[in-house]
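S.K.: Reminder that position 165 of the sequence shown reads as 168 in my numbering, one-by-one numbering, no gaps.
Don't be surprised by glycine CBs; every beta carbon is placed ideally from N, CA and C.
This one's a predicted model, so the numbers in the text were calculated from it and none came from an experiment.
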Amino acid sequence: MTTAVITGANRGIGLAFAKALLARGDTVIGTAREPAEAGELANSGAEVEELDVTDDASVTNFAERLQGRSVDLLINNAGILRRDRLDSFDPATLQREFDVNALGPLRVTNALLPSLRLSAKPRIVALTSRMGSIADNNSGGFYGYRASKAALNAVIKSLSIDLDPWPAVVIHPGYVRTRMTGNQGDLTAEEAVERMLLVIDKLDSSMSGKFFHRDGHELPW
Ligand SMILES: NC(=O)c1ccc[n+]([C@@H]2O[C@H](COP(=O)([O-])OP(=O)(O)OC[C@H]3O[C@@H](n4cnc5c(N)ncnc54)[C@H](OP(=O)(O)O)[C@@H]3O)[C@@H](O)[C@H]2O)c1
Numbered sequence: 004m005t006t007a008v009i010t011g012a013n014r015g016i017g018l019a020f021a022k023a024l025l026a027r028g029d030t031v032i033g034t035a036r037e038p039a040e041a042g043e044l045a046n047s048g049a050e051v052e053e054l055d056v057t058d059d060a061s062v063t064n065f066a067e068r069l070q071g072r073s074v075d076l077l078i079n080n081a082g083i084l085r086r087d088r089l090d091s092f093d094p095a096t097l098q099r100e101f102d103v104n105a106l107g108p109l110r111v112t113n114a115l116l117p118s119l120r121l122s123a124k125p126r127i128v129a130l131t132s133r134m135g136s137i138a139d140n141n142s143g144g145f146y147g148y149r150a151s152k153a154a155l156n157a158v159i160k161s162l163s164i165d166l167d168p169w170p171a172v173v174i175h176p177g178y179v180r181t182r183m184t185g186n187q188g189d190l191t192a193e194e195a196v197e198r199m200l201l202v203i204d205k206l207d208s209s210m211s212g213k214f215f216h217r218d219g220h221e222l223p224w
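Structure follows, in structure tokens:
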């Protein structure tokens, strides 16, 4: 049985991951910034833990609460998107996107290493975006989101080397109907998660350090 940690599991794709893993009998530790408001996550049967991925003390405390427990799958899902443009960007907003989207997964993964080391087969996944692909950027804009997801991709690539042979990958879920997209998109969070789990379930060291589309093919960096 797998024990999975999912960050930002109180809504959207993170909540759909929690429900899908619980439905097949896995143990889910779902994190939320405001556990008291994570009713749907708690009702799903997940263990709910408080975590703000930008707060060092919050990350350290979370890792300490997991001390001695094995974590088989870490899904770095928490993320934010701000719609900035060249003529109206705010450096503080871009820095916040870097803090949540790129530094957050690095902080959390590093803090959870003792728990991941207790697993026979640890796997690390981060939810990236095709918008973080430099090769695939044909429409510009979104400076903070694109750059922070490109930075996340670089972080996970380094982790895949430093933590070899553990698989560490980034996955693009597609354009998914959640609060982040104003409920616009091509598919539901449940549909995106169902497909991403097909990729996650077959992760091994030969797939590590790669940038996957939810359907399993590789995307250009
Ligand atoms: N939806 C898409 O089309 C799409 C496409 C490509 C990639 N993605 C990526 O997929 C992931 C999930 O996106 P989503 O669509 O499910 O977004 P969402 O519905 O906006 O959910 C984002 C989650 O991240 C959490 N979060 C934000 N800041 C946090 C912080 N500082 N510490 C801990 N948790 C924090 C939120 O918690 P609160 O409720 O407390 O704010 C929420 O649980 C993100 O990394 C996103 O970039 C989504």
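1. Based on DSSP bridge pairs, tell me the residues matched to residue 174.
2. Is the Cβ-Cβ distance between residue 119 and residue 74 less than 7 angstroms?
3. Residue 34 and residue 102: beta carbons closer than 7 angstroms?
4. Give a single yes or no on whether residue 81 has its beta carbon closer than 6 angstroms to a heavy atom of ligand 1.
5. On the DSSP bridge assignment, give the partners of residue 33 in chain order.
6. Can you tell me whether residue 89 is helix, strand or coil according to DSSP?
7. Just to check, is the beta-carbon of residue 14 closer than 6 angstroms to a non-hydrogen atom of ligand 1?
8. What span of residues does the alpha helix (DSSP H) with residue 159 cover, start to end?
9. Name the DSSP bridge partner or partners of residue 76?
10. Would you check if the distance between the CB atom of residue 8 and the CB atom of residue 62 is smaller than 7 angstroms?
11. Does DSSP put residue 179 in a helix, a strand or coil?
12. Beta-carbon within less than 7 angstroms of residue 201's beta-carbon, same chain only, minus the 5 sequence neighbours each way: which residues are those?
13. What I want to know is whether the C-beta of residue 184 ends up closer than 6 angstroms to one or more non-hydrogen atoms of ligand 1.
14. Which residues share a DSSP beta bridge with residue 112?
15. In whole angstroms, give me the CA-to-CA distance for residue 143 and residue 133.
16. Using beta-carbon positions only, say whether residue 127 and residue 77 come within less than 7 angstroms of one another.
17. Please state whether DSSP places residue 96 in a helix, a strand or coil.
18. What residues in its chain sit with their C-beta under 7 angstroms from that of residue 104, if we drop five residues either side in the sequence?
19. Roughly how many angstroms separate the alpha carbons of residue 95 and residue 4, rounded to a whole number?
20. If we ignore side chains and look at the alpha-carbon of each, how far apart do residue 100 and residue 87 end up?
21. Starting from the Cα of residue 91, find the closest Cα among 189, 196, 121, 147 and give me that residue.
22. For ligand 1, is there a heavy atom less than 6 angstroms away from the beta-carbon of residue 36?
23. Give the single residue among 47, 52, 6 whose Cα lies nearest to the Cα of residue 39.
M.R.: So, to answer that:
1. To locate residue 174, count along the sequence shown from 1; it is residue 171. Its beta-bridge partners are 130, 215.
2. Translated into the one-based positions of the sequence shown, residue 119 becomes position 116. Translated into the one-based positions of the sequence shown, residue 74 becomes position 71. One thing to note: residue 119 has its Cβ within 7 angstroms of the Cβ of residue 74.
3. Here residue 34 is taken as the residue at index 31 of the sequence shown, counted from 1. Here residue 102 is taken as the residue at index 99 of the sequence shown, counted from 1. In this structure, residue 102 does not lie closer than 7 angstroms to residue 34 by Cβ.
4. If you number the sequence shown from 1, residue 81 lands on position 78. Indeed, a heavy atom of ligand 1 lies less than 6 angstroms from the Cβ.
5. To locate residue 33, count along the sequence shown from 1; it is residue 30. Answer is 9, 51, bridged to residue 33.
6. On the sequence shown, position 86 is the one that residue 89 refers to. For residue 89, the three-state secondary structure derived from DSSP is coil.
7. Counting from 1 along the sequence shown, the entry for residue 14 is found at position 11. In this structure, the C-beta of residue 14 approaches ligand 1 to less than 6 angstroms from one of its heavy atoms.
8. The residue you call residue 159 lines up with position 156 of the sequence shown. Note, residue 159: alpha helix (DSSP H), 146-165.
9. Numbered from 1 along the sequence shown, position 73 holds the residue referred to as residue 76. Residue pairing for residue 76: DSSP places it in a beta bridge opposite 7, 126.
10. Walking along the sequence shown from the start, residue 8 turns up at place 5. Walking along the sequence shown from the start, residue 62 turns up at place 59. No Cβ-Cβ contact shorter than 7 angstroms links residue 8 with residue 62.
11. Counted from its first residue, the sequence shown places residue 179 at position 176. Secondary structure at residue 179: strand, using DSSP grouped into helix, strand and coil.
12. Against the sequence shown, residue 201 aligns to sequence position 198. Cβ neighbours of residue 201 within its own chain (closer than 7 angstroms, five residues either side excluded): 219.
13. For the purposes of this step, residue 184 is identified with residue 181 of the sequence shown, where counting begins at 1. Flag set: Cβ of residue 184 near ligand 1.
14. As a first step, residue 112 is located in the sequence shown; it is residue number 109 there, counting from the start. For residue 112, DSSP records no beta bridge to any residue.
15. In the sequence shown, counting from the first residue as 1, residue 143 sits at position 140. In the sequence shown, counting from the first residue as 1, residue 133 sits at position 130. The alpha-carbon of residue 143 is positioned some 13 angstroms away from that of residue 133.
16. Within the sequence shown, residue 127 is the residue found at index 124, counting from 1. Within the sequence shown, residue 77 is the residue found at index 74, counting from 1. Taking a C-beta distance under 7 angstroms as the contact criterion, residue 127 and residue 77 qualify as a contact pair.
17. As a working mapping, residue 96 is identified with position 93 in the sequence shown. It is helical.
18. For the purposes of this step, residue 104 is taken as the residue at position 101 of the sequence shown. If the five residues before and after residue 104 are omitted, its C-beta is found closer than 7 angstroms to the C-beta atoms of 82, 83, 151, 152, 155, all from its own chain and listed in chain order.
19. Within the sequence shown, residue 95 is the residue found at index 92, counting from 1. Within the sequence shown, residue 4 is the residue found at index 1, counting from 1. Roughly 42 angstroms separates the two Cα atoms.
20. Reading the sequence shown from its first residue, position 97 is the one you call residue 100. Reading the sequence shown from its first residue, position 84 is the one you call residue 87. If I take the Cα positions, the gap works out to 11 angstroms.
21. Here the question's residue 91 lines up with position 88 in the sequence shown. From the listed residues 189, 196, 121, 147, the smallest Cα separation to residue 91 is found for 147.
22. By 1-based counting over the sequence shown, the position of residue 36 is 33. Within the cutoff, so yes.
23. As a working note, residue 39 is residue 36 in the sequence shown. Among 47, 52, 6, the Cα nearest to that of residue 39 is on 52.
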